[in-house]
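Residue numbers (mature numbering (1 follows the signal peptide of the UniProt record, and there is no 0)): -20 to -1, 1 to 76.
Set out below in structure tokens:
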């Protein structure tokens, strides 16, 4: 069996979430690495906020909270922002 080309494989998966390094909120830009309070200041409160779990710090062995914030749908796109230790670590988006 031949491996599927990347584009064909992506099309077969359907409308899944894609990853981005930044998200626009009005005239502001939110980037991976921003603090949670900075994101809320630029974008306002999220539509939904979920505490997903905890992770252990790499160097200090403390537990840090993992949260997901949902924004949208705006202009046909929904964004899910993942925060670890109050730092934005991942931006996912989905076209509706």
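From the three backbone atoms N, C-alpha and C, an ideal C-beta is built for every residue, glycine too. Keep in mind it's a predicted model, so treat the numbers as computed, not measured.
Simplified DSSP state of residue i, which is helix, strand or coil
{"i": "residue 48", "result": "strand"}
{"i": "residue -3", "result": "strand"}
{"i": "residue 65", "result": "coil"}
Close-in-space but distant-in-sequence residues of the same chain around residue i (CB under 7 angstroms, 5 per side omitted)
{"i": "residue 69", "result": "12, 62 and 63"}
{"i": "residue 32", "result": "46, 47 and 48"}
Residues near residue i by beta carbon distance below 6 angstroms, same chain, minus five either side
{"i": "residue 50", "result": "26, 27, 28 and 60"}
{"i": "residue 22", "result": "5, 8 and 10"}
{"i": "residue 14", "result": "68"}
Expected contact under 8 angstroms - CB spacing of residue i and residue j to nearest Å
{"i": "residue 76", "j": "residue 48", "result": "Not really, about 18 angstroms apart at Cβ, beyond 8 angstroms."}
{"i": "residue 2", "j": "residue 71", "result": "7 angstroms"}
{"i": "residue 66", "j": "residue 16", "result": "5 angstroms"}
Cβ-based neighbour list, residue i, same chain, cut-off 8 angstroms, excluding 5 preceding and 5 following
{"i": "residue 37", "result": "43, 44 and 65"}
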